[in-house]
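Everything on this sheet refers to the single structure shown next.
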Amino acid sequence: MACFPWRVFWIIQALVDVTLSQEIYAPHSIRIEGDLTLGGLFPVHARGVSGEPCGDIKKENGIHRLEAMLYALDQINSDDELLPNITLGARVLDTCSRDTYALEQSLTFVQALIQKDTSDVRCTNGEPPVFVKPEKVVGVIGASASSVSIMVANILRLFQIPQISYASTAPELSDDRRYDFFSRVVPPDSFQAQAMVDIVKLMGWNYVSTVASEGSYGEKGVEAFMQISREAGGICIAQSLKIPHDHKQADFDKIIRQLLETRHARAVIIFAYDEDIRGILNASKRADQVGHFLWIGSDSWGAKNSPIQGLEDAAIGAVTILPKRATIEGFDQYFTSRTLENNRRNVWFAEFWEENFNCKLMSSSKKEDTSRKCTVFGLFNRGPSLRHQAPTPSTLQHPQDIICSRGYDLGWAEGQERIGTDSKYEQEGKVQFVIDAVYAMAHALHNMQKDLCPDQSGVCGEMEHAGGKKLLKYIRSVNFNGSAGTSVTFNRNGDAPGRYDLFQYQMNINNTPGYKVIGQWIETLQLRINEMQWPNSEMKIPSSVCSLPCKTGQRKKMVKGMPCCWHCEPCDGYQYQFDETSCKLCAYNMHPNANRTGCQPIPIVKLEWHSPWAVIPVFLAMLGIIATTIVMATFIRYNDTPIVRASGRELSYVLLTGIFLCYIITFVMIATPDIAVCSFRRIFLGLGMCISYAALLTKTNRIYRIFEEGKTSVTPPKLISPTSQLAITSSLISVQLLGVLIWFGVDPPNTIIDYDEQKTINPDKARGVLKCDITDLQIICSLGYSILLMVTCTIYAIKTRGVPENFNEAKPIGFTMYTTCIVWLAFIPIFFGTAQSAEKLYIQTTTLTISMNLSASVALGMLYMPKVYVIIFHPELNVQKRKRSFKAVVTAATMSSRLSHKPSDRPNGEAKTELCENVDPNS
């Protein structure tokens, strides 16, 4: 019992010395002896702050990966078939997540190839150091960050040391000319970028932003995404932002503000490290923009909890990518069984233990955020098994190579805590790739040993001097099933094939957030969209577009320099949407359909019989035909009565025929156009009027000549007999027929569809008009001769206005012509004034037919209705008067024009019939 206090004191003192030796003298490396030594580079610590090279320990990315390499070495060394009689050793270094620091550390791997003068080196106790010949590193496993791998690869290639990375994915490392000794078991970011592009396109997003951590991984990853998106087309980059190395909170706030400047670009591609991802998510929360951004994270985010711990609400809906991996059960069993007692080879394990269980192993611990001590149940003397390295002068570049003879025969303080039981444990995502990288190196060494040492087990001399270039050849040729059961191979650039799992961070059934596998990418995208969730409980896929799709019938007017941004402009008028960016005019006989995606034939119209424009002219024409028929029938029935004979039977029948044709032309003008109808239109359009006015002109000319001749002679003028009158009338009519005949020869009748006549501003109302091939000018020309006859007849009517009232038909003819002129004077401005109207067909046809109906009706009413009235209702007045000679008639007419007399001096009707009797032209 007396020695108990001394024993306790010795235990405490030994524990302090061990701790100090670890803290002060322990190297930042792990050395494991073996026949062949592999180097290892792991980010055991985070980047330091305030000038310190290293920061806090990284439990998952650092310790898990490091232990994965040690686990793989144990498995290989215990495998009798892989590298038999060869033990693999290791030299593992901490990169402290900093490329420059990693470069300094990696010089350890080339020590065997560098001659050093250490004659002036002494240990702290003044004794000369015991130098151990630096082990030759045949290959390096690592590094993790792409920026670190790039820096280290530049050194290792100079000494031809092959390197296999388990996490570096920068596309830059695929350049076999610059990084010819670099290989990796993870696919490059170019594959990852392709997967991201495929996701963006499948979601229908064409306007995205990118955020990258400063350095090769982030910048090259974004560069690969932008390059592939340009080649694929249809994706525009709204903003491309960079997170600086030495970032502050204000930097992340600024990035969020910049992203919000293009609010429609909700999708954000992130190639960033854990700390940077946390900074971005934190900034989005501070800006109250949780749920606005649609994050697409690279494999640095993957399915890790560290970037989103405490920021779960800001990460909901994030789609992340991770190279296909599997949980290695053997590693779980191995790692959860690690304790301070059985894992003394890991010099950083005590620090991990404190961080993992949030406790302190000793008073001199660096952990200051807790006062809880780790449980300790004993110290044991283990004998001289540990060698501790002493500090060296600053002139020595690699102090870890010097082993001093100071040692403690001490055991290790072991805690009662257990990983996975007293702390949360989840296998880090890159563990599988670390194991595969070690196995790839082992398989390459195994194949090389078989080829170079066929008759010898173990490492032969030829293998020792083979060099890294030969080993690289074997590395690039390996093909084996890795720890996850998938094949491990390398292409000519040293890249692994692209195989990714796609995750989305979403709320599960228990309303707790977590990562869910929603698809995979193996050369092509396979995504289960129906299993995806979106922020703010959005049911549909959120949009991330610069401009919404244009509606049908609209074209895109692109914004200069931004092929994904446009303004929508409707295809107006007679244009249809030819493609996304252009409109084209429809053919002249077409108009755009309802949604303007194509053209359709313009409807064909004609003047229908049931149209109000046709009903009125037809009604008038039918009345006129009936009246003309009655008059003609009356004249035929009373053909030999004095009134019929006095009116000039022959010319009366000709005139009535013309009047009848004027009514008939209404039906021809309204009938559906065809060649026959068009032929009849040309013939009868002016013929009816020509016949009517030729007869009236002959009559007025006869009256005029009679009275002009009577002023100077008692001899009747020539050509006043009925036969002569018919001949004159026929000759006048023949001119019209000759003109029509010439018209037929020059321009045969035909039908056309006029699309210009009713081509309205609104294409829906456009109509093609089926009509005869007769222009407005041709119509006027056809009627022109008749109008000429009408005007001439009117002139004669004016000249004979002085004829006594009781002489023949001079006055009724005059009134007829005056009225007709008024009708046609009204017709001409209406006809030509509506030439540009959409209703031109109807207005002009109706105007023309009504004008002809009115002209015929005026002539019929003024010239024949009084006679018919007398013939039918006053037959007593239709009696023969005595014949008088031409001289007596002229004398009586002359005298009656000079003398005034009362009309009542004669019986009613006598004045109208006395001088209307036949005049004997020979008397």
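Everything in the sequence shown is counted per this note's numbering, starting at 330 for the first residue and increasing by one.
Cβ coordinates follow ideal geometry from the N, Cα and C atoms, glycine included.
Remember, predicted model here, so these are calculated numbers, not experimental data.
1) I want to know whether the region 653-664 touches the region 853-870 - three or more CB-CB distances under 8 Å.
2) Once you ignore the five residues that flank Thr-649 on each side, which residues in its own chain have a CB closer than 6 Å to its CB?
3) So, using beta-carbon positions, are Lys-935 and Pro-1002 closer together than 8 Å?
4) Quick check on this structure: which residue in Ile-764, Glu-543, Tyr-803 has the alpha carbon closest to the alpha carbon of Gly-814?
5) Return the chain-ordered ranges of every beta strand (DSSP E) run that is complete within the region 1071-1159 and spans a minimum of 3 residues.
6) Does Asn-922 come out as helix, strand or coil in the three-state DSSP assignment?
7) For Thr-363, collect the residues of the same chain with a Cβ closer than 6 Å to its Cβ; drop the 5 residues on either side in sequence, then sort them by chain order.
8) Using the rule of at least 16 other Cβ atoms within 10 Å of the residue's Cβ for burial, across every protein chain shown, is Lys-583 buried or exposed?
9) Would you kindly work out how many angstroms separate the C-alpha atoms of Gly-620 and Pro-864, rounded to a whole number?
10) Between which two residues does the beta strand (DSSP E) containing Phe-600 stretch?
11) Taking 6 Å as the limit between beta carbons, can you name the residues of its chain near Phe-664, skipping five residues before and five after?
12) For Gly-391, which of Ser-873, Leu-623, Glu-684, Gly-843 has the nearest alpha-carbon?
13) Tell me which residue opens and which closes the beta strand (DSSP E) that Gln-906 is part of.
14) Where does the unbroken alpha helix (DSSP H) through Val-648 begin, and where does it stop?
15) Check whether the region 834-848 touches the region 792-807, counting contact only when three or more Cβ pairs, one atom from each stretch, lie closer than 8 Å.
16) Are the CB atoms of Tyr-1125 and Gly-1015 within a distance shorter than 8 Å?
17) For Asp-423, does the three-state DSSP call read helix, strand or coil?
18) Suppose the cutoff is 6 Å on Cβ atoms and the five residues either side in sequence are ignored; what does the same chain contact list for Ser-542 look like?
19) Which residue wins for smallest C-alpha separation from Arg-884, given the options Thr-926, Met-919, Tyr-834, Asn-918?
20) Which of the three DSSP states is assigned to Asn-1030 in this structure?
21) For the alpha helix (DSSP H) that contains Gln-521, what are its first and last residues?
22) From what residue to what residue does the alpha helix (DSSP H) around Pro-971 run?
23) Since Ala-522 and Ile-557 should fall inside the 8 Å C-beta cutoff, what is the C-beta to C-beta distance between them, to a whole number of angstroms?
24) Using a Cβ-Cβ cutoff of less than 6 Å, which residues in the same chain neighbour Ser-635 once the five nearest sequence positions on both sides are dropped?
25) Check whether the Cβ atoms of Pro-500 and Lys-549 sit closer than 8 Å, and answer yes or no.
26) Apart from the five residues on each side of it in sequence, which residues of its chain come closer than 6 Å, Cβ to Cβ, to Phe-520?
27) Of all the beta strand (DSSP E) runs that stay within the bounds of the region 554-613, which reach a length of 3 or more residues?
28) Where does Asn-820 sit, in a helix, a strand or coil, going by DSSP?
29) To the nearest angstrom, report how far apart Ile-359 and Val-676 are at their CA atoms.
30) I think Leu-370 touches Ala-431, with their Cβ atoms under 8 Å apart; what is that distance to the nearest whole Å?
31) The alpha helix (DSSP H) spanning Glu-793 covers which residue range?
32) Suppose you measure from the CA of Tyr-452 to the CA of Pro-491; what does that come to, to the nearest Å?
33) Of the choices Pro-971, Ser-1021, Ser-478, whose alpha-carbon is the least far from that of Ser-545?
34) Of all the options Ser-435, Val-1208, Ala-524, which has the alpha carbon lying nearest to the alpha carbon of Asp-830?
35) Is the beta carbon of Cys-912 sitting closer than 8 Å to the one on Met-919?
36) Using only alpha-carbon positions, find the residue among Gly-797, Asp-824, Gly-1074 that is nearest to Ala-773.
Let's see:
1) no
2) Gly-626, Trp-630, Gly-631, Phe-832
3) yes
4) Ile-764
5) 1080-1087, 1096-1101
6) coil
7) What sits at residue 363 in the sequence shown is Gly, not Thr. Thr-416, Leu-417, Gly-418.
8) exposed
9) 5 Å
10) 596-600
11) Glu-396
12) Glu-684
13) 904-908
14) Not the alpha helix (DSSP H): Val-648 falls in the beta strand (DSSP E), residues 648-652.
15) no
16) no
17) strand
18) Ile-572, Ala-601, Tyr-602, Asp-605
19) Thr-926
20) helix
21) 518-531
22) 971-975
23) 5 Å
24) Asp-603
25) yes
26) Gly-827
27) 565-572, 596-600
28) coil
29) 7 Å
30) 6 Å
31) 790-793
32) It should be pointed out that residue 452 corresponds to Cys in this sequence rather than to Tyr. Using only the alpha carbons, I get a separation of about 34 Å.
33) Ser-478
34) Ala-524
35) no
36) Gly-797
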